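Enquirer:
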Amino acid sequence: MGVQDIDITDTTTGSTAAVWALLGDSATWPRWTTIGAHAEERAPGPDGRGEIRVFTTGRIKVREEIVERIPEQRLTYALLSGLPVRDYRAVIDLTPTPDDGTTIRWHTTFRGKVPGTAWFYRLVLNTATRRFVAGLVQATAA
1 MGVQDIDITD TTTGSTAAVW ALLGDSATWP RWTTIGAHAE ERAPGPDGRG EIRVFTTGRI
61 KVREEIVERI PEQRLTYALL SGLPVRDYRA VIDLTPTPDD GTTIRWHTTF RGKVPGTAWF
121 YRLVLNTATR RFVAGLVQAT AA
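Listed below in structure tokens is the structure:
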């Protein structure tokens, strides 16, 4: 089973500080995404890494761990459980634009856990990621 790749980029008029204020705070995600609820299982360490967050939407509950956090630049998380995929990793990069806006790039890779299902999860996760990026753009538009 090959690696599935989702790569969504969009630009907001909001500053990197405004985007980071939402992206870097997991508790805000239900406000600007399709996620129903957030809970913190483990608080982040002093470097911002190690947070384990639980997101629930309907009957789906996913656990993710923040593995990299560079304020106003990058957030990287890995899926711990909740979806039948392996090696799931999302990297979200923020790049300032010349007009004080921000380009958001949300890049996700994973492998299917069950043979023949990776295409389906790529389709579902691609749609969700597009909605997440659009929500972040809309929530931070100046």
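All the letters of the sequence shown, read from the start, carry residue numbers 1 to 142 under UniProt numbering.
Yeah, the Cβ is synthetic: ideal placement off N, Cα and C, and Gly gets one too.
No experiment lies behind these values; they were computed from the predicted model shown.
1) Where does the unbroken alpha helix (DSSP H) through P30 begin, and where does it stop?
2) For Y88, which residues of its own chain have a beta-carbon under 6 Å away from its beta-carbon, when the five flanking residues on both sides are left out?
3) For a test of the three-state rule: what should DSSP assign to T140, helix, strand or coil?
4) In whole angstroms, what separates the C-alpha of W32 from that of D10?
5) A43 by DSSP, collapsed to three states: which one?
6) Is I8 near T127, with beta carbons less than 8 Å apart?
7) Inspect the beta-carbon positions of G101 and G2 and report whether they are closer than 8 Å.
8) So, E72 versus T12, is the Cβ gap smaller than 8 Å?
9) Rounded to a whole number of angstroms, what is the C-alpha to C-alpha distance between K113 and R122?
10) So is A118 buried or exposed if we call it buried at 16+ other beta carbons inside 10 Å?
11) Where does the unbroken beta strand (DSSP E) through T56 begin, and where does it stop?
12) Under 8 Å, do I35 and L125 count as touching if we go by C-beta distance?
Expert: Looking at the atomic coordinates:
1) 29 to 32
2) L79, F110
3) helix
4) 15 Å
5) coil
6) no
7) no
8) no
9) 12 Å
10) buried
11) 52 to 57
12) no
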